[in-house]
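Trainee:
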Amino acid sequence: MPVSFEDIRNRFQVPARKGARVLVRGQPGTVTTVRGLTLRVRLDGMRWSQPYMPDELQWLPADAPEAPQVDAEAEPGD
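Per our numbering, the sequence shown starts with residue 937, numbered consecutively.
1. By a C-beta neighbour count over all protein chains shown, 10 Å radius and 16 as the cutoff for buried, is residue 962 buried or exposed?
2. What did DSSP end up calling residue 990 once you bin it into helix, strand or coil?
3. Count the other CB atoms, across all protein chains shown, that sit within 10 Å of the CB of residue 1010; report buried if there are 16 or more and exposed otherwise.
4. Considering only the alpha carbon of each residue, which of 998, 937, 989 and 999 lies closest to residue 960?
5. Select from 974, 955, 957 and 997 the residue whose C-alpha is nearest the C-alpha of residue 986.
6. Locate the alpha helix (DSSP H) running through residue 947, then write down its first and last residues.
7. In whole angstroms, what is the alpha-carbon distance linking residue 968 and residue 977?
Rendered as structure tokens:
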């Protein structure tokens, strides 16, 4: 049976939800999905999300600013 955000919240006592803002080793990112007991987090400026354990994330307030969108077409320095 797949693990849900609710399962993660209950097991790790964290405010896990899709779109939550977090810090990973000081870098800001956004929670994208659950995979097993890990959360996938897209760090700001990156195209892909990476797996992290919920208890290694620093959870930011719900009103934390959203990440800027990555423009795949933009040239570096634009």
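All C-beta atoms in this analysis are idealised placements derived from N, C-alpha and C, irrespective of residue type, glycine included.
Mentor: The relevant details are as follows:
1. Label assigned to residue 962: exposed.
2. Residue 990: helix per DSSP, three-state reduction.
3. Low confidence applies here, because residue 1010 scores a pLDDT of 48, under 50, leaving its location unreliable; read the following figure in that light. Label assigned to residue 1010: exposed.
4. Comparing Cα-Cα distances from residue 960 to each of 998, 937, 989 and 999, the minimum goes to 989.
5. From the listed residues 974, 955, 957 and 997, the smallest Cα separation to residue 986 is found for 974.
6. Run containing residue 947: 941–948, per the alpha helix (DSSP H) assignment.
7. Each residue's Cα considered, the two are about 6 Å apart.
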